[in-house]
Amino acid sequence: MTEGERFLMEIYDLSEFKVIQNLCNKGKHFIETPHETSKASGLRVGIGKVGDSLNQNYFLINGKDSRDYFIALFHKYDEWFSNHDYQD
-10 MTEGERFLME
0 IYDLSEFKVI
10 QNLCNKGKHF
20 IETPHETSKA
30 SGLRVGIGKV
40 GDSLNQNYFL
50 INGKDSRDYF
60 IALFHKYDEW
70 FSNHDYQD
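The sequence shown begins at -10 in my numbering and counts up one residue at a time.
The structure is reproduced here in structure tokens:
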């Protein structure tokens, strides 16, 4: 197995990836998803992050800020590209 194949296997094993993939695939085909999505407006304790504005909109998946799912993937990809000398 190549490094790239191992990387893809690690991505597919992330629970955050599975949630995002499920939402994207189900939305594309208009199939209901088992994940509860909602939108909250205004800074919220527990989901607000440094730099959020007071009128921040939050898109929640199962009560968790959607950014948390994406950040986990961003970190994984950043690690991959940092270790493989890819430039911007």
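C-beta atoms are modelled at their ideal positions from N, C-alpha and C, and glycine is treated no differently.
Bear in mind the structure is a predicted one, so any value in this text is a computation, not a measurement.
DSSP, reduced to helix, strand and coil, places Asn46 within a strand of the structure shown. Within the same chain, no residue comes within 7 Å of Thr(-9) by CB-CB distance, once the 5 residues on both sides are set aside. When DSSP states are grouped into helix, strand and coil, Asp2 belongs to the helix group. A residue is called buried once 16 or more other Cβ atoms fall within 10 Å of its Cβ, and Ile60, having fewer, is exposed. Under a 10 Å Cβ-count criterion, Asp54 is classified as buried, with 16 or more other Cβ atoms of the shown protein chains found around its own Cβ. Remark: C-beta atoms of Asn44 and Ser30 approach each other more closely than 8 Å. Straight-line measurement puts the Cα of Leu3 at about 15 Å from the Cα of Asp67.
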